[in-house]
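These notes concern the structure reproduced below.
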Amino acid sequence: MAQSIFNGTLRLGEHAVAVKLYSAVEDRRVHFRLLHAVDGVPVRQRMVHPDSGDEVPRDEVVRGYESEAGMVMLRDEELEIVTPARSRDMEIEYFVDPERVDLAWYQRPYYLGPGGDPGAYAALCSALRAENKLGIVRWVMRKKVYHGALRSLDDHLLLVSLRFRHEVVPADGLPAPSGRELTKREREMARQLVSMLEGDLDLGAFEDEYRERVLSLIRAKAEGRAPELPKAKRKRKAGGLANALSASIEKAKERKVA
Amino acid sequence: MPKQNKGMRPFWSGTISFGLVTIPVAMYPATRSAQALSLRMLSPDGTPLSRIYVCPDHDEPVDADEIVRGYETEDGRYVRVEDEELERLAPEKSRDIDLRQFVDRDQIPLLYFDRLYFLAPASESTKAYRLLAESLEDRRTAGIATFVLRGNEHVVAILSEGGVLRAQLLRFEDEVRSPVSIGMGEPEQANKRDVDALRKIIRGRTRKDLDEEALVDETAEKLRQVAAEKAKAGKDVVKQGSRKRRRGTGEDVEVIDLVQVLQRSLKGKKKRRGRELSQEPKDVLYEKAQDLGIRGRSSMSKTELAEAIERATA
Numbered sequence: 057m058a059q060s061i062f063n064g065t066l067r068l069g070e071h072a073v074a075v076k077l078y079s080a081v082e083d084r085r086v087h088f089r090l091l092h093a094v095d096g097v098p099v100r101q102r103m104v105h106p107d108s109g110d111e112v113p114r115d116e117v118v119r120g121y122e123s124e125a126g127m128v129m130l131r132d133e134e135l136e137i138v139t140p141a142r143s144r145d146m147e148i149e150y151f152v153d154p155e156r157v158d159l160a161w162y163q164r165p166y167y168l169g170p171g172g173d174p175g176a177y178a179a180l181c182s183a184l185r186a187e188n189k190l191g192i193v194r195w196v197m198r199k200k201v202y203h204g205a206l207r208s209l210d211d212h213l214l215l216v217s218l219r220f221r222h223e224v225v226p227a228d229g230l231p232a233p234s235g236r237e238l239t240k241r242e243r244e245m246a247r248q249l250v251s252m253l254e255g256d257l258d259l260g261a262f263e264d265e266y267r268e269r270v271l272s273l274i275r276a277k278a279e280g281r282a283p284e285l286p287k288a289k290r291k292r293k294a295g296g297l298a299n300a301l302s303a304s305i306e307k308a309k310e311r312k313v314a
Numbered sequence: 022m023p024k025q026n027k028g029m030r031p032f033w034s035g036t037i038s039f040g041l042v043t044i045p046v047a048m049y050p051a052t053r054s055a056q057a058l059s060l061r062m063l064s065p066d067g068t069p070l071s072r073i074y075v076c077p078d079h080d081e082p083v084d085a086d087e088i089v090r091g092y093e094t095e096d097g098r099y100v101r102v103e104d105e106e107l108e109r110l111a112p113e114k115s116r117d118i119d120l121r122q123f124v125d126r127d128q129i130p131l132l133y134f135d136r137l138y139f140l141a142p143a144s145e146s147t148k149a150y151r152l153l154a155e156s157l158e159d160r161r162t163a164g165i166a167t168f169v170l171r172g173n174e175h176v177v178a179i180l181s182e183g184g185v186l187r188a189q190l191l192r193f194e195d196e197v198r199s200p201v202s203i204g205m206g207e208p209e210q211a212n213k214r215d216v217d218a219l220r221k222i223i224r225g226r227t228r229k230d231l232d233e234e235a236l237v238d239e240t241a242e243k244l245r246q247v248a249a250e251k252a253k254a255g256k257d258v259v260k261q262g263s264r265k266r267r268r269g270t271g272e273d274v275e276v277i278d279l280v281q282v283l284q285r286s287l288k289g290k291k292k293r294r295g296r297e298l299s300q301e302p303k304d305v306l307y308e309k310a311q312d313l314g315i316r317g318r319s320s321m322s323k324t325e326l327a328e329a330i331e332r333a334t335a
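Those protein sequence lines, which keep their order, are chains U and D. The first sequence maps to residues 57 to 314 in my numbering. The second sequence maps to residues 22 to 335 in my numbering.
Shown next as structure tokens:
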């Protein structure tokens, strides 16, 4: 059983659903440590005074805000006051159609598992699925305020944290490129080509090969063997659009027949 | 304060291949992971601290050139890996996103969606771009490909929304967890009366749009207020004197700069260098002339076409 990150209670009116939060994604990246070259010992980070080179212990470090007037030192009590109070409450503030929320807002996905009454959990999940809506949730976790989109995923609840406004480029402000009207023939050929290359999605067919190569290198070194090298890649040329489209369709036809 | 960043270069430049058609594009991130407010770490006398690396055995600071990367193996040993080795293993940077497969975009499970980028056309002719965008948007299709971005290989879904192409990076299968792998058990049967009661509440609290105004970092705003008041009152303010103010990294570009650059790229306000035009094949020039609605193009020579395009786009 995976470790839950947070235990909370979803609140909607008088309804309360106890839940446990789990990360829905796994970090598979290869992580390195920094070692002292001479003896292979992992190095440690220290925050030091630039003049003396002496370490300043964590509990003596002061936080500073750079302003026009100079560096404003912020006291612990001041930081405490603005830090949100710890709470298990996860308030569902309102609901919205999933289509109205651009994927650009989505940050990190979490699964919510039942943390108490499984019946209450199941009821919320069913209701969300039946109405096909996202619940916008506000909660406090790790001393920070989070907003997220709650939705049903089959018989489970999924909560995706949302980014802050200052982090997202609003898509509705972007102008679509314009130009001369596309001809019927061009549109037809493009559609034909797309439908010829259409198929079912198999995401399992893709692998992070670079990650695999790095892990192979590491394995080889750990076993005292010599590592291998990959090959180089080819290039591509451009041409007139209509000719290219026709040629593509011919090629795709050949591939289908074969 | 938003900075004018007219010269901002795209995150990635290259082409999308769609059959034998190549569409030059420039890619820009749709999001920036940025702190609303970043605080410095200071000594009690108000001096910004420096970060150093120390070897715990010798208790001495180590320089950057004395540091190597190491990977911790299961038995607790460290395997050294040189930057040079990683570079040689790194996939060659992609110049092209080759769309060989198209799928129903609703087939892509939500959990696979990772970072999002916008694509702007990077050539005078937007015809191929618009053709692809239209084909994808009409039937809610996505083009699937793999490509290399900043030293990492990714699966990418090319989609279109509102006439603008997007590159949505997708996660690898082993990066996505399932409820089963987490250990979330079989769900209970829901009580119909409870479900109906909840549905009623949901309907009553449904709004038309996401409240974007509410998606602000409240804590950062409060802190900024506190700091501003203290600065004004001259309380706990340390003059920086000869020390330089730390400059932001390249990543600190504000979203507002991105919006401006994207809008300009999408509208196609670009200068074209004359020399490049005359090196293009005639049929490509003819297409550009067509796009620009240049009269008499069918009887023009290659040079005449290049000149006419130059004049039209000056």
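Beta carbons are placed, not taken as given, at the ideal position from N, Cα and C, and that holds for glycine. Note that the structure is predicted; figures quoted are calculated from it, not measured.
Identity of the residue in the options nearest residue i by Cα
i	options	result
Val118/U	Val157/U, Asp132/U, His105/U and His212/U	Asp132/U
Asp86/D	Ser60/U, Leu68/U and Leu91/U	Leu91/U
Lys260/D	Leu184/U, Val128/U, Pro231/U and Lys199/U	Val128/U
Asn173/D	Arg220/D, Thr43/D and Lys114/D	Lys114/D
Thr94/D	Leu301/U, Arg275/U and Arg281/U	Arg275/U
Asp232/D	Ser182/U, Ala80/U and Val157/U	Val157/U
Asp264/U	Val305/D, Leu170/D, Val276/D and Thr43/D	Leu170/D
Asp304/D	Ala254/D, Arg228/D, Leu326/D and Arg316/D	Leu326/D
Val73/U	Leu253/U, Leu271/U and Asp173/U	Asp173/U
Whole-angstrom distance between residue j and residue i, CA atom to CA atom
i	j	result
Arg292/U	Gly171/U	Unreliable positioning characterises Arg292/U in this predicted model, as indicated by a pLDDT of 39, which lies under 50. A coordinate reading is not provided.
Gly184/D	Val258/D	51 Å
Ser319/D	Thr52/D	45 Å
Arg269/U	His175/D	15 Å
Ala308/U	Phe134/D	29 Å
Ala186/U	Val152/U	14 Å
Ala261/U	Gly204/D	25 Å
Pro302/D	Lys309/D	11 Å
Ile165/D	Tyr138/D	15 Å
Pro283/U	Pro106/U	42 Å
Glu196/D	Arg219/U	21 Å
Ala57/D	Glu279/U	47 Å
Glu239/D	Phe62/U	21 Å
Arg98/D	Val89/D	14 Å
Arg194/U	Gly206/D	26 Å
Lys292/D	Arg243/U	Since pLDDT at Lys292/D reaches only 49, below the 50 mark, its modelled position is unreliable, and the value read off the structure follows with that caveat. Rounded to the nearest angstrom, the two C-alpha atoms are 29 Å apart.
Lys24/D	Arg30/D	The predicted position of Lys24/D is uncertain, since its pLDDT is 39 and thus under 50; a value taken from the coordinates is nonetheless stated next. Looking at the two C-alpha atoms, the distance is approximately 15 Å.
Cut-off 8 Å between Cβ atoms - residues of its own chain near residue i, not counting five sequence neighbours on either side
i	result
Gln248/U	Ile305
Met62/D	Pro69 and Leu70
Asp312/D	Glu145, Ser146, Thr147 and Lys148
Arg85/U	Arg267
Asp215/D	none
Val237/D	Ala57
Val75/D	Glu81, Pro82 and Val83
Chain-ordered neighbours of residue i on chain U, where CB pairs are closer than 7 Å
i	result
Ser54/D	Glu223
Listed by chain order, chain D residues near residue i by CB distance under 7 Å
i	result
Met129/U	Leu63, Gly67, Asp257 and Val259
Ile274/U	Tyr92, Val100 and Val102
Trp195/U	Within 7 Å Cβ-Cβ: nothing; Trp195/U doesn't reach chain D, min ~13 Å.
Ser182/U	Ala211 and Val216
Glu240/U	The sequence shown places Lys at residue 240/U, rather than the Glu named in the question. Ordered by position in chain D, no residue passes the 7 Å Cβ test against Lys240/U, which lies about 12 Å from the chain.
Met103/U	Met62, Leu70 and Arg72
Residues that residue i bridges to, as DSSP identifies them
i	result
Lys76/U	Asn63/U and Gly169/U
Ile165/D	Gln122/D and Ala178/D
His212/U	Leu209/U
Ala252/D	Answer is none; Ala252/D lacks a bridge partner.
Met103/U	Arg72/D
Pro142/D	Val46/D
Leu137/D	Gln189/D
Phe39/D	Val42/D and Leu120/D
Residue i: contacting residues in chain U (beta-carbon distance under 9 Å)
i	result
Val237/D	Phe220, Arg221 and His222
Neighbourhood of residue i by C-beta distance below 6 Å, restricted to the same chain and skipping five residues each side
i	result
Glu158/D	Ser181
Arg192/D	Tyr133 and Asp135
Glu134/U	none
Ser38/D	Asp117 and Asp119
Ser217/U	Gln163, Arg164, Tyr202 and Gly204
Contacts of residue i in chain D (Cβ-Cβ under 8 Å)
i	result
Lys309/U	Here the premise fails: no neighbours, minimum Cβ distance about 11 Å.
Glu82/U	Asp195, Glu196, Val197 and Arg198
Glu265/U	Pro112 and Glu174
Ser123/U	Ala248, Ala249, Ala252 and Val258
Cβ neighbours of residue i in the same chain (closer than 7 Å, five flanking residues each side left out)
i	result
Ala143/D	Ser34, Pro45, Val46 and Ala47
Met197/U	Phe62
Contact set between residue i and chain U, taken where Cβ atoms lie within less than 8 Å
i	result
Ile165/D	Leu257
Under 9 Å by beta carbon: chain D residues contacting residue i
i	result
Ser16/U	For residue 16/U there is no data in the structure shown, the boundaries of chain U being 57 and 314.
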